[in-house]
Amino acid sequence: MNYSVILNHLNDCGYKVSAIPSKTEEIGCLTVELEINGLPVSLSHFIVAELSKMPSFFLANPSAFPRPAHTAFYPGSLFASICVNVPDAISVNFERPELAFEESLKRHIDLINQALSDSEWNNQELLREFEAGWLSIVEQDTTPFLCLTESEKPEELCVLKPRKDQLGLGQYFLGYSEGSVPKNIFSPINQILKDRKSSKGIGFFVPLSEAKPAPWNKDELADWYLNLLSELPVDVLTKLTQQFAQKRSYEFWLVFSARTSSGITWFGIHFSQKKSGKGRKTLPFKQSHLTEWLLEPVEVLTFNKDRLMPRSGAEQSLLNKKVMIVGCGSVGGDVADKLAASGVGCIDLYDPDTLSLNNLYRHILPPMYVSFHKSQALWHSLTSKYPWLEVKCFTKKLVDLRRRELLREYDLIIIAIGAPTQERLFHDYLINERINVPVINTWVEGYGIGGHAVLAIPETKGCLRCAYVDPADFSRGLASNLNFLAPNQDLTKNHAGCGDAFLPYTYIASTQTALITADLSIKFLLGKIKESSRVSWKGNSEDATVNGFKLSGRYHAFIRTLEVLPLLNDECDICNE
Amino acid sequence: MSLQNKFKKFHDAIKLGRKDLEYTTARLKDDSITSDIVDRFKEDGYPVIEDFIQGSLATFTGIREKGQDFDIDRAIVIEAGLAPENPITPKLAVLEVLEERGFKNAKIKKPCVTADYKADHLHIDIPIYRKYDNGQYELAVGKRHSDEDNREWARSSPRELIDWVNDYDSDETYGSNKHDQYRRVVRYLKRWRNFTFGDDVRRKIHSIGIAVMVKESFNSSINDEGFPDDLTALRETINHILNYRSYFTLVELDKYRVNVSLPVSPNRDIFHSSSVATATQFRNKLSALLKTLNKVADEELESKQCELLQSVFGEDFPECAVTSSTSSNAVKTVFSSSGVVGTSQGA
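Just so you know, the sequences run in chain order L and F.
The numbering of the first sequence is numbering that gives the first Met the number 0, which starts it at 0 and goes up by one.
The numbering of the second sequence is numbering that gives the first Met the number 0, which starts it at 0 and goes up by one.
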């Protein structure tokens, strides 16, 4: 990168910029001299080979200033980093780097200017960004601490240390208060709790009424801790110093929670005795005691649905929804996963079929589940994937589920069995017995031609039969009029005779079908769709045509892929009764 | 019940096909007369080389009318090289065949030999053609006593005309559904004609004229699942006939002439013998029909819709219950006529 051009440009813009050579380069660093709020400020940029992110400037001699928000620096360092943007939220003009430098410098100066001249804003920002501030003093290789307790009172914590060679959640410290962990806690965590039963450490959880800015650098941690103790409410401090202080150990974990304007934040401090030879000691509360302890800031994570669900894209309001999924094949299995991932709280899975190797590539389940009932395997898989999901599995067929009391339990029934005869029988039952439960029928067609989802909401116009009317004479169709392949073609293939016949379609086709189904389901459960509806996706006809199959008229005429369309068919004899 | 379902019932009530039960007598009679003519022409030295059905039964646009005869429209073709010079000669032979079979009122008209068989409600039209090796047909034109100037073997393309009406693009999306809708629209308009006009005018609004106009102006209405909307197709087609083609030309204030050329050689005007009075009535009443149909489209009450449609098509258009269209009278469930249908559905 040509720094001479950048240097000249910034000077042309009116900044006082000079280049400082390094041992190897003519220009090793750019320094910008400014005066902000009466204080001399120097910003430095250390040269980079290319602009893969916005060029950064560091605040020189940070200790000389009142602490500005959005800055961080290591103990002993001469420079503080300045955070002016979320790195991925911008696209940098690396073809004209001088412009990127100009914009970046402007943003750095604006931020420092505001931080030094508006103390109220600065304090609010320091609190709002508490978590970022805390993480900036946590050493990179520090193991995070997962706290399972969400109490609002001070509590003693059992701390489980990670075992060697563990991966994922297994490499975290785990803290919980005795008796606070529900039996049905998320299965992977349950497994860790079981595995680590014997290796307990001691910790304390202390809720704070309000946060104060995180330490600017790690050197301040001990003072910061003492200051925090001095501001604790009396009852909390009493519990800490009297009850908790009875415990002796070589190490302690203190976990705090505090309310900030960006939500409740969690953080922790690990105390380890500098000289273990002096025997176990109690948690230090005084300056004099602290000299014997090493304090290390720790990142604390919680297993909190209020935070994790929205943060990872799930809708909490779906937790109280109960969905029946009949058919756990390529489409149904994927629908189940997508509904769970969207936050649906209760899913009952029905399928009499077992997973075989023939299902391998287009089914969401891995081969470790081969020979299991699909519903049971899916139950196991979903249980270990989604923490606040209640799943049950059954092996009944759709036609065996014609039971009023059972069906009325559900907010939605999804039928993904690809068997129109049974689906129409089931629909007849619902109509005749006047069972008012919303139902989605979904199916994928062969050869990547498309897929469909039909949502019938009781008391609104449109039912499954609206998708089964023969346009030729308005009679009840045996095949759906939504289909993209013409009826009465032998579309199945088999490799080993009758029993092995299968309809060829890919994982992409079943997933796409599952996607329109899950989308329709979620929109309905959230109340965003209130009328009976249908959705189709239309794929490429090449495979079907190459194999000599005829397409339906609808395939050619249909142009509204993925659109949610009204289900009502004027010619449906049921809806026009 | 949807309005389209009513149109379907209407169509079921008016359509007439050669294989319909009601037409059985006519068909048997037709076959037997044709057989007699074949024998006679063979004796006379100009054997029949082909015969075919003409008219609305050949184009599947026939309709039935209460109290009206069933038409037999059978073309007889002889080889041009063997055909008598005088076109009246074979027509006389046909006349004799018919008279021998007991038809009292058989007569030779300009384009064909006709007879009525009152007992069986039959009206028979038998045109005679001669055909050249190159496929060209000529129609035997002239009445019994026409002199040389008024009789001729006139160039004609009867097969081509049938093919033109029956032709559609089967590769087009819903091509056959659109063609079915075309035939229904022709039938609706024929019924409208029969219901609307007195005998004299009705006879002059030739069915083939309607078939050609509708074909040339047709706007189909089929949704993407193949469900037809005949009301829309009918309205848009009539609108096209009236406003986007030049079939009707103004000859003086509020007076029209109608001209519809046959789409096949020699492209004569189907309405060449129609008067300004006929054309004016035809146009004005077609325009009134469109207004009524537009009202039907705007009307929400199904009973009112049916009332309006009955006012233009007569009582074969089904009645509707006096309810709003959203809670219309029950549709009789029609079950599929197939035992099993293969589907492309999986999961």
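In this text, a Cβ means the ideal position worked out from N, Cα and C, and glycines have one as well.
Compare the C-beta of L:I416 against all C-beta atoms of chain F and say whether one is closer than 7 Å. Chain F contact via Cβ: present.
Along chain L, which residues have their Cβ under 7 Å away from the Cβ of F:M350? Residue 350 of chain F is absent from the structure shown; chain F starts at 0 and stops at 346.
Which term fits L:P582, buried or exposed, when burial requires 16 or more other beta carbons within 10 angstroms of its beta carbon? Chain L is shown from 0 up to 576; residue 582 of chain L falls before or after that span and cannot be answered.
Hey, L:W378 and L:L318 are a contact pair by Cβ (cut 8 Å); roughly how many whole angstroms apart? About 18 Å separates the beta carbon of L:W378 from that of L:L318, a gap too long to meet the 8 Å contact definition.
Cβ shell of F:S324 (< 7 Å), same chain only, five flanking positions each side left out: In this prediction, F:S324 has a pLDDT of 45, which is less than 50 and means its spatial position is unreliable; what the coordinates show is noted afterwards. Correct list, in chain order: E299, L300, E301.
Just checking: is the beta-carbon of L:S474 within a distance shorter than 7 Å of some beta-carbon in chain F? Yes, because at least one Cβ of chain F sits closer than 7 Å to the Cβ of L:S474.
State the beta-bridge partners of F:E78 as determined by DSSP. For F:E78, which the question treats as bridged, DSSP gives the partners F:K130.
Just to make sure I have the definition right: I need the residues of chain L whose C-beta is within less than 7 Å of the C-beta of F:Y173. Which are they? Simply G552, A556.
How is the beta strand (DSSP E) around L:V205 delimited, first residue to last? For L:V205, the enclosing beta strand (DSSP E) starts and ends at 199 to 206.
Assumed close pair F:A105, F:A114 - CB separation to whole angstroms, cut-off 8 Å: Yes, F:A105 and F:A114 are in contact; Cβ-Cβ is about 4 Å, under 8 Å.
Show which residues of chain F have a CB atom less than 7 Å away from the CB atom of L:Q488. Going along chain F in sequence order, the residues near L:Q488 (Cβ under 7 Å) are G341.
What residues match up with L:W252 in a beta bridge as DSSP calls it? Note: L:W252 sits in a beta bridge opposite L:G202, L:H269.
So with CB distances below 9 Å, who are the chain L contacts of F:Q3? In chain order: F473, D569, E570.
Minimum C-alpha distance to F:T60 - residue among F:V213, F:R201, F:P227, F:R183: The alpha carbon of F:T60 has as its nearest neighbour, out of F:V213, F:R201, F:P227, F:R183, the alpha carbon of F:R183.
Could you name the residues of chain L that F:F226 contacts, counting a contact when the two beta carbons are closer than 7 Å? Within chain L, the residues near F:F226 are P470, E570.
Just the chain F side, please: which residues come within less than 9 Å of L:S329 by C-beta, in chain order? The answer, in chain order, is G345, A346.
Per DSSP, L:T30 forms a beta bridge with which residues? Assignment of beta-bridge partners to L:T30 by DSSP yields L:S17, L:S43.
Give the DSSP bridge partners of L:H372, in chain order. L:T353.
Would you mind working out which of L:L253, L:L564, L:G538 sits nearest L:G174, comparing C-alpha positions? Ranked by Cα distance from L:G174, the first of L:L253, L:L564, L:G538 is L:L253.
Cβ shell of F:R190 (< 6 Å), same chain only, five flanking positions each side left out: Closer than 6 Å at Cβ, skipping near neighbours: I13, I62, F312.
Which word fits F:F334, buried or exposed, when buried means at least 16 other C-beta atoms lie within 10 angstroms of its C-beta? F:F334 counts as exposed, since fewer than 16 other beta carbons sit within 10 angstroms of its beta carbon.
Bridge partners for F:D268 per DSSP, in chain order? Beta-bridge pairing by DSSP links F:D268 to F:S260.
Less than 8 Å between the CB atoms is what I'm expecting for L:S583 and L:P419, so what's the real figure, rounded? Outside the modelled stretch of chain L, which goes from 0 to 576, sits residue 583 of chain L, for which no answer is possible.
Alpha carbon to alpha carbon, what distance is there between L:Y554 and F:F196? Cα to Cα, the separation comes out at about 44 Å.
Taking just the CA atoms, how far does L:K549 sit from L:Y446? Taking the CA atoms as reference points, L:Y446 sits about 12 Å from L:K549.
What whole-angstrom Cβ distance do F:V185 and F:A153 have, given they're in contact under 8 Å? So it is not a contact: roughly 26 Å between Cβ atoms.
So, do the region 455 to 468 of chain L and the region 504 to 520 of chain L have three or more beta carbon pairs nearer to each other than 8 Å? The answer is no - the region 504 to 520 of chain L does not touch the region 455 to 468 of chain L, with fewer than three Cβ pairs under 8 Å.
Min CB distance F:D223 to chain L below 7 Å: Residue-level contact check: F:D223 touches chain L, since one or more beta carbons of chain L fall below 7 Å from its beta carbon.
Here's the rule I'm using: 16 or more other beta-carbon atoms within 10 Å means buried, otherwise exposed. How should L:V83 be labelled? With at least 16 other beta carbons inside 10 angstroms of its own, L:V83 counts as buried.
Backbone CA spacing between F:N238 and L:L524 [nearest angstrom]: Across the structure, F:N238 and L:L524 are spaced so that their CA atoms are roughly 46 Å apart.
With DSSP as the reference, label F:C111 as helix, strand or coil. Residue state, collapsed to three classes: coil.
Quick one: which chain F residues come within Cβ less than 7 Å of L:P419? The answer, in chain order, is T342, Q344.
Give a yes or no on whether 7 Å exceeds the smallest Cβ distance from L:G547 to chain F. Cβ-Cβ to chain F under 7 Å: no for L:G547.
Cα-Cα separation, F:S274 to F:R256: Distance between the alpha carbons of F:S274 and F:R256 is about 7 Å.
Going along chain F in order, which residues have a C-beta closer than 9 Å to the C-beta of L:W442? Here the neighbours are T342, S343, Q344, G345, A346.
Could you tell me which residues DSSP pairs with L:V299 in its beta bridges? By DSSP's assignment, L:V299 forms a beta bridge with L:F144.
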